[in-house]
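Report on the following structure.
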């Protein structure tokens, strides 16, 4: 590709004569062509720099300060981080986050696996209709979902406690108890995401030739056996993917815990029963305006997400090498 | 968009320009436009500033007040804080009393209203309300719009069923002190088997703790919440109410609280003047069943707001014109008759339009008289920058006990520890 390497060497004499104009215009065109690809991808990187990278770096910076947004900003080094390490509220929030994530992810993925397997079944009637309806919870606004669930789970006037009362179980205080509130939020997360996950699984299942199932059926394998021996193994990569995405979403869960406890929204209950890490960050930043401390929580959260992503990466690359 | 014949240079330039436009779109906020006497006003929802703004626009043709109801009072203060930090501020902003100390502590963010002559009208307002918006350097950063005089709203029909008196004077005499209030609750619950009051945290603790002479800070601004016996007493009072089993355990402003109010599942709720609107809109079917009596323990205040002008406001004079006209004693009186917000200007307390004002929803109770009476003779206390988070931790500790998960014997120690963590002392 000689035309792209037209830059004359610095000591080369300037082109003269009838070819001079053509050569120099080709030089400029070559330059433009070389930077064009960078220009095409520039919008993303510019936006990322302004809205992604800069806030991230600025967060690291703020975390080193006692930062009052409308007053003084004092440099205090790593004091925010030592305070965080000793703060029971932070560890409580971390525990709640992990607990809600576990309670929601495992059942959600199981449910999606089974549903995808059933929807993939050749003899299911109205399959397209069922596939469509899977997405309804996902496209419903989180806030609306949460308000409806909060009413269902209400201690005195909720549908669920009324049903429990019919079978003789006393009213359960869902919102203001640790297991109750975690269960309630996990239910909302499952409700929101199971359809999305199911469709992801279903898409990969379509890649499996129908003959594989037919052959298995001829060999006498029933639905359960087909599920464990064909469906699950072939979904492995997409299962890894959903575990990764649900981990990232789970660590950042915010709206549901913010809206379920109307009595003490920033703490998700009077004794921080379901306060998650992002909610704790929000409470510190926008509840009591300790921006520096909130930034330190943000940095801790960032580190956790990176660490988990790394673990997930290692786990998935091991699976790849096994195959 | 681009064909293959578009010169490469043009394509490059266009792409870069596009990127820059995208990047810039997110951070453009032009300066507040519109000169003259028009201005931008941030308020919170549920306080009906719309009515006042419309009244002002009718009286002053050609003036355009751009009112934004940002959200709850807390959300409005959050937006203001972010705005002050980022340089995007309105010309006029309504700040709730509880959020005021944080802003008064940083007066450089606001115009000193003395520039506009606030010192001349300062004496129109209740001393102790006005003093809360005066910064340490003497600058006045807010003009009080309303106060939250306190009273008890009760269901006269349910009281009759329980064999209690229903006349508001007699009901007030049932509970000169909070101990008597709890005793009345025990009588009610014994007679009906139903809870008496919505909850102990706000309806007992939060009222009693606002009737003290010294609250979380002393007059010099030192933190005294831990050793102040008045705080401890109010806390113990609430624990006693929980222990007596007279509360419906419904936290204020939750769905359960609204439902319980609709279904007549409690008979009594602490009601500062602004709460009357909440009751009215929450449970319209209970109209006429409610009445209002004096609060145990005498005078007190819960709530109230201030109007302030940020330092970077584009039209500060226009904003001040609005304050001067709408927050004058006559302006506040007019706002009371249209929205029920209690004036901060004692000169109109004897005006027949206020003193003689009755509310049919509350059995024609003379609400103007009852609430202004609760403000007179009030002993003001110092409010500091951490008053709100301290109060919140005490409330949380009590709610935890009330919901059955907290241990009442350790609630006080827990509350103190949580306050220490919360305010970083």
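Protein chains in written order, with the working numbering: chain A, 1 to 323; chain B, 324 to 748.
Glycine included, C-beta positions come from ideal geometry on N, C-alpha and C.
Counting the other CB atoms within 10 Å of its CB gives residue 108 (chain A) a total of 16 or more, which places it among the buried residues. The beta carbon of residue 704 (chain B) sits closer than 7 Å to those of 535, 536, 537 and 538, all from its chain and outside the five residues before and after it, given in chain order.
The count of Cβ pairs closer than 8 Å, one atom from the region 469 to 489 of chain B and one from the region 602 to 619 of chain B, reaches three, so the stretches are in contact.
Under the DSSP definition of a beta bridge, residue 624 (chain B) partners with B:472. DSSP places residue 389 (chain B) inside the beta strand (DSSP E), whose first and last residues are 388 to 392. As computed with DSSP, residue 417 (chain B) is found in a beta bridge with B:630.
Of all C-beta pairs linking the region 242 to 256 of chain A to the region 710 to 720 of chain B, fewer than three are shorter than 8 Å, placing the two stretches out of contact.
DSSP links residue 488 (chain B) through a beta bridge to no other residue.
For residue 190 (chain A), no CB of chain B lies under 7 Å from its own CB, so it is not counted at the interface with that chain.
With fewer than 16 other beta carbons inside 10 angstroms of its own, residue 102 (chain A) counts as exposed. The residues 119, in chain order, have a CB closer than 7 Å to that of residue 127 (chain A) in the same chain once the five nearest residues on each side in sequence are set aside.
Remark: three or more beta-carbon pairs, one from each stretch, lie closer than 8 Å, so the region 630 to 646 of chain B and the region 434 to 446 of chain B are flagged as touching.
With respect to chain B, the C-beta atom of residue 270 (chain A) has a partner C-beta closer than 7 Å.
At least 7 Å separates the CB of residue 315 (chain A) from every CB of chain B. Against residue 280 (chain A), chain B offers no close residue; the least beta-carbon distance is about 12 Å (beta-carbon pairs closer than 7 Å). Here residue 275 (chain A) is buried: its Cβ has 16 or more other Cβ atoms, across all protein chains shown, within 10 Å. Within the same chain, Cβ atoms closer than 7 Å to the Cβ of residue 143 (chain A) are found at 255 and 259, the five residues on either side in sequence being excluded. Among the CB atoms of chain A, none fall inside 7 Å of the CB of residue 455 (chain B).
Cβ-Cβ separation between residue 198 (chain A) and residue 134 (chain A): approximately 5 Å, consistent with a contact (criterion under 8 Å).
Taking 8 Å as the Cβ-Cβ cut-off, the region 61 to 77 of chain A approaches chain B at 68, 69, 70 and 71, given in chain order.
Any Cβ of chain B closer than 7 Å to the Cβ of residue 79 (chain A) would place that residue at the interface, and such an atom is absent.
Counting only residues of its own chain and dropping the five nearest sequence neighbours on each side, residue 486 (chain B) has a CB closer than 7 Å to the CB of 514. Closer than 9 Å at the C-beta level to chain B, one finds no residue of the region 98 to 126 of chain A. Secondary structure remark: continuous alpha helix (DSSP H) runs of at least 4 residues inside the region 228 to 301 of chain A, in chain order: 236 to 251, 255 to 260 and 277 to 282. Under the Cβ criterion of 7 Å, residue 566 (chain B) is not counted among the residues facing chain A. Runs of the beta strand (DSSP E) lying entirely within the region 438 to 482 of chain B and spanning at least 3 residues, in chain order: 466 to 472 and 475 to 478.
The Cβ of residue 275 (chain A) sits no closer than 7 Å to any Cβ of chain B. Assigned with DSSP and collapsed to three states, residue 366 (chain B) falls in strand. In terms of Cβ geometry, residue 412 (chain B) and residue 607 (chain B) do not form a close pair [threshold 7 Å]. Closest in C-alpha terms to residue 245 (chain A), from the list A:86, A:159 and A:193, comes A:193.
According to the DSSP assignment, residue 435 (chain B) belongs to no beta strand (DSSP E), since it is labelled neither H nor E. Within 9 Å of the CB of residue 177 (chain A), the CB atoms of chain B belong to 726, 727 and 728, in sequence order along the chain. Under the 10 Å beta carbon count, residue 654 (chain B) is surrounded by 16 or more other beta carbons and is classified as buried. The region 585 to 603 of chain B makes no contact with the region 666 to 680 of chain B; the number of CB pairs closer than 8 Å stays below 3.
Taken in chain order, the members of the region 568 to 590 of chain B whose beta-carbon sits within less than 9 Å of a beta-carbon on chain A are 571, 572, 573, 574, 575, 576, 577, 578, 579, 580, 582, 583, 586 and 588. In this structure, the alpha-carbon of residue 675 (chain B) lies about 24 Å from that of residue 493 (chain B).
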